[in-house]
Amino acid sequence: MGETEVPADIQKLMDMKKKGEKLTDSQTKKIKQWKKALANPGKAADKLVKQDAKRERRKESGSVKVINR
36 MGETEVPADI QKLMDMKKKG EKLTDSQTKK IKQWKKALAN PGKAADKLVK QDAKRERRKE
96 SGSVKVINR
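When we follow our numbering, the leftmost residue of the sequence shown carries the number 36, and every step to the right adds one.
This is how it looks when you write it as structure tokens:
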């Protein structure tokens, strides 16, 4: 993992964990998802394509789901 640039939000969470602070389940999940994507970039890319297709279908159907991206 040393070569890859760690996103700022993930780095902040990892620093909190190193300091011994208790992370919430969602924060832990965010770190885990980033590590999984790093370990298997092909699957991560496929997942992004699939998610984007879902977003397009929702937009076409008029759904008002909020996406924090």
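For each residue, glycine too, the CB sits at the ideal point set by N, CA and C. No experiment lies behind these values; they were computed from the predicted model shown.
Check, Outcome
"My understanding is that Q62 touches L73, with C-beta atoms under 8 Å, so please give their C-beta distance in whole angstroms.", "Actually they do not touch by this definition, with Cβ atoms about 17 Å apart."
"Nearest-angstrom Cα distance between M36 and K64?", "With a pLDDT of only 47 at M36, under the threshold of 50, the placement of this residue in the model should not be trusted; the figure read from the coordinates follows. Their Cα atoms are separated by approximately 18 Å."
"Quick one: give me the first and last residue of the alpha helix (DSSP H) that V84 is part of.", "P76 to S96"
"Nearest by alpha-carbon distance to N103: which of S96, E95 and R90 is it?", "R90"
"Give the secondary structure of M36 by DSSP, where H, G and I count as helix, E and B as strand, and everything else as coil.", "Legend: pLDDT at M36 = 47, less than 50; position of this residue unreliable, value from coordinates given subsequently. Coil, per DSSP."
"Assuming L58 contacts K52 (C-beta within less than 8 Å), just tell me the rounded distance between them.", "6 Å"
"From K70, E56, G55 and D60, pick the residue whose C-alpha is nearest to that of P42; which is it?", "K70"
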